[in-house]
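For the sequence shown, my numbering gives the first residue as 474, with consecutive numbering after it.
C-beta atoms are modelled at their ideal positions from N, C-alpha and C, and glycine is treated no differently.
Bear in mind that the values here come from a model prediction, so they are computed numbers and not experimental data.
Remarks on the structure that follows.
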Amino acid sequence: MGKIVENIISDEVITKLNQVNSLVVFTGAGISSSAGIPTLTGPRCSPIWEYNFINDLLSAEKIPGKHILHLRLLDNLLEKIKITFPTLAHLSLAKIANKFTNFHIISQNFDDLHQRANSNNCLMLHGEIIKARCLNCNLLEIIETNYKTHWQTKCRCGGDWRPDLLLFDEAMSEKLWQQAENLAQSCEMLIAIGSSGQVLPGGLLPAIARRRGAFLVEINLTPTEITPHFHFTILGSSDEVVPKMF
Numbered sequence: 474m475g476k477i478v479e480n481i482i483s484d485e486v487i488t489k490l491n492q493v494n495s496l497v498v499f500t501g502a503g504i505s506s507s508a509g510i511p512t513l514t515g516p517r518c519s520p521i522w523e524y525n526f527i528n529d530l531l532s533a534e535k536i537p538g539k540h541i542l543h544l545r546l547l548d549n550l551l552e553k554i555k556i557t558f559p560t561l562a563h564l565s566l567a568k569i570a571n572k573f574t575n576f577h578i579i580s581q582n583f584d585d586l587h588q589r590a591n592s593n594n595c596l597m598l599h600g601e602i603i604k605a606r607c608l609n610c611n612l613l614e615i616i617e618t619n620y621k622t623h624w625q626t627k628c629r630c631g632g633d634w635r636p637d638l639l640l641f642d643e644a645m646s647e648k649l650w651q652q653a654e655n656l657a658q659s660c661e662m663l664i665a666i667g668s669s670g671q672v673l674p675g676g677l678l679p680a681i682a683r684r685r686g687a688f689l690v691e692i693n694l695t696p697t698e699i700t701p702h703f704h705f706t707i708l709g710s711s712d713e714v715v716p717k718m719f
């Protein structure tokens, strides 16, 4: 296990940031929690996830029947995300991208706050709740109204819509996972922000990067299951820590 410090950016971390050419930032729900978006795990876990039927409602088997509670939950989350704004951490990451030859964000979040902060090169492992995907042709379309209304329409090919989300009973596509794994294997440094490491397979990325020799830094409110993989763990709010790093 590496060093665990509170709200302190060590000289070693700053030096590494100035030396590396390739940086991967791996983000979990914690980076968006200060914007008011509920988290699934961790100290800021929202009561919305405490219902024992949440996994059932956010499952692929509810899509064909357009289950009313399934749509209501999606619309509640969509409405919350549409009125939120990128946090200081999101904005800071967008500003530093040009400092590196290769800079990528791999996110386990379903919000679009990285994109609204003007970050490019974002690999969204779990999709985006603001988009619908055609079950027939895979066309993506922004949901301008809400799920209940959008689900009453058809794609131009005649197909039905589904959320552009990786639901609880679905496996990540091999192509998407291979992209994430390749980025973790090739980066010189990986910074994990607000991820508990409990959601797989994304939670495996820090260990993959460490095995390939990358320098790892974790930013979280508390130590996590993946803390032993990191050279440095900085305990604190991402909105306070991230702007100080760059």
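{"Query": "Give me the DSSP bridge partner(s) of Arg606.", "Result": "Leu613 and Arg635"}
{"Query": "Within this structure, are the beta carbons of Pro720 and Phe703 separated by less than 8 Å?", "Result": "As shown, the chain starts at 474 and ends at 719. That puts residue 720 outside it, with no answer to give."}
{"Query": "Could you tell me which of Lys604, Lys621 and Tyr620 sits nearest to Leu613, measuring between CA atoms?", "Result": "Lys604"}
{"Query": "Tell me, to the nearest whole angstrom, how far the beta carbon of Ile504 is from that of Ala567; I am working on the premise that it is less than 8 Å.", "Result": "Rounded, the Cβ-Cβ distance is 12 Å, inconsistent with contact."}
{"Query": "When you compare only the Cα positions, how much space is there between Glu485 and Ile477?", "Result": "13 Å"}
{"Query": "Would you mind giving the Cβ-Cβ distance between Leu663 and Phe499, rounded to the nearest angstrom? I have them listed as a contact below 8 Å.", "Result": "6 Å"}
{"Query": "Quick one: grab the DSSP three-state call for Ser592.", "Result": "coil"}
{"Query": "Rounded C-beta distance between Ile593 and Ala502? I'm assuming under 8 Å.", "Result": "Contrary to the premise, residue 593 reads as Asn rather than Ile in this sequence. About 21 Å; that fails the 8 Å criterion."}
{"Query": "Can you list, in chain order, the residues of its chain with a C-beta nearer than 8 Å to that of Phe688? Leave out the 5 residues immediately preceding and following it.", "Result": "Lys489, Val493, Glu661, Met662, Leu663 and His704"}
{"Query": "For the alpha helix (DSSP H) holding Leu656, just list the boundary residues, first then last.", "Result": "Glu647 to Ser659"}
{"Query": "Going by DSSP, name the residue or residues bridged to Ser495.", "Result": "Asn575"}
{"Query": "Should Ile482 be labelled buried (16 or more other beta-carbon atoms within 10 Å of its own) or exposed?", "Result": "buried"}
{"Query": "By DSSP, does Ala665 sit in helix, in strand, or in coil?", "Result": "strand"}
{"Query": "Taking C-alpha atoms, which residue in Asp633, Gly667 and Leu649 lies nearest to Cys595?", "Result": "Leu649"}
{"Query": "For Lys717, which three-state DSSP category applies?", "Result": "helix"}
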